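Take this note's numbering: the final residue in the sequence shown is number 188, and no numbers are missing along the way.
The beta-carbon is built from N, C-alpha and C at its ideal position, and this holds for glycine as well.
Every value quoted in this text rests on a predicted model; they were computed, and no experiment measured them.
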Amino acid sequence: MELKNLGKQIDYNFEYAPDFLEAIPNSNSGRNYFVKLTSDEFTCVCPVTHQPDFATIKIRYIPDEKLVESKSLKLYLTSFRGVGIFHEDVVNRIADDLIKLLNPRYLEVEGVFSVRGGIAIEPFVNYGRGEFEALAKNRLAQHE
């Protein structure tokens, strides 16, 4: 397995770059377990005002055959820094890209964005495959 980013000097990209994402094999694919990844340094810009938006991005997933390589995820999330995108679109795009990369059993992405204009926006999206479809419906219905 050849990883493009891990252990190498990388130039950061501040334009959406899903190609940064890389997967590694899950040596525990016979077991169901959650992986939780949290980035409290996420930044993008408002597509209308071009003012910066700051967030904590929370990713939780039950892997199948693949895991996301963490440095590639960091580079991918950093690539949103100059992107004009609404908060709701951020979590959906991240979810879509990770589903495409990993084909997880279950995945959820939550964005906890800093308050702007007196309003906090915290979008949440999830996905479940096979026996985990019920989990996805339940967690979405019970999400606060």
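- Message: Quick check on this structure: which residue in PHE78, LEU119, LYS118 and PHE124 has the alpha carbon closest to the alpha carbon of THR87?
- Response: For the residues PHE78, LEU119, LYS118 and PHE124, the minimum Cα distance to THR87 belongs to PHE124.
- Just list the alpha helix (DSSP H) runs in the segment 85 to 143, keeping only unbroken ones of 4 residues or longer that don't cross its boundaries, in chain order. With a minimum length of 4 residues, the continuous alpha helix (DSSP H) runs that stay inside the segment 85 to 143 are 114 to 122.
- Message: Here's a check: name, in chain order, each residue in its chain whose Cβ is nearer than 7 Å to the Cβ of LEU47, leaving out the five neighbours to either side.
- Response: So the qualifying residues of the chain are GLU66 and GLU113.
- Query: When burial is assigned at 16 or more other CB atoms within 10 Å of the CB, is ASN170 buried or exposed?
  - Reply: Burial call: buried.
- Using the Cα positions of VAL135 and LEU184, report the straight-line distance between them to the nearest angstrom. Cα to Cα, VAL135 sits roughly 14 Å from LEU184.
- Message: Could you tell me the alpha carbon to alpha carbon distance between LYS80 and TYR120, rounded to whole angstroms?
- Response: Approximately 17 Å, taken between the alpha carbons.
- Message: If I measure Cβ to Cβ from GLY126 and keep anything under 7 Å in the same chain, skipping five residues before and after, which residues do I get?
- Response: For GLY126, same chain residues with a beta-carbon under 7 Å away, outside a window of 5 residues either side, are PHE58, GLU59 and VAL89 in chain order.
- Message: Given this structure, state the Cα-to-Cα distance separating GLY162 from GLN186, to the nearest angstrom.
- Response: Just so you know, the alpha carbons of GLY162 and GLN186 end up roughly 25 Å apart.
- Task: Look up GLU177 in the DSSP assignment and say whether it is helix, strand or coil.
- Result: Helix, per DSSP.
- Item | Residue nearest to ALA99 in terms of C-alpha spacing, selected from SER73, ALA180, ILE129 and GLU109 | Among SER73, ALA180, ILE129 and GLU109, the Cα nearest to that of ALA99 is on ILE129.
- Can the beta-carbon of ILE101 be found closer than 8 Å to that of SER83? Yes, the pair counts as a contact, with Cβ atoms nearer than the cut-off.
- Task: Would you check if the distance between the CB atom of GLU109 and the CB atom of SER73 is smaller than 8 Å?
- Result: Yes, they are a contact pair.
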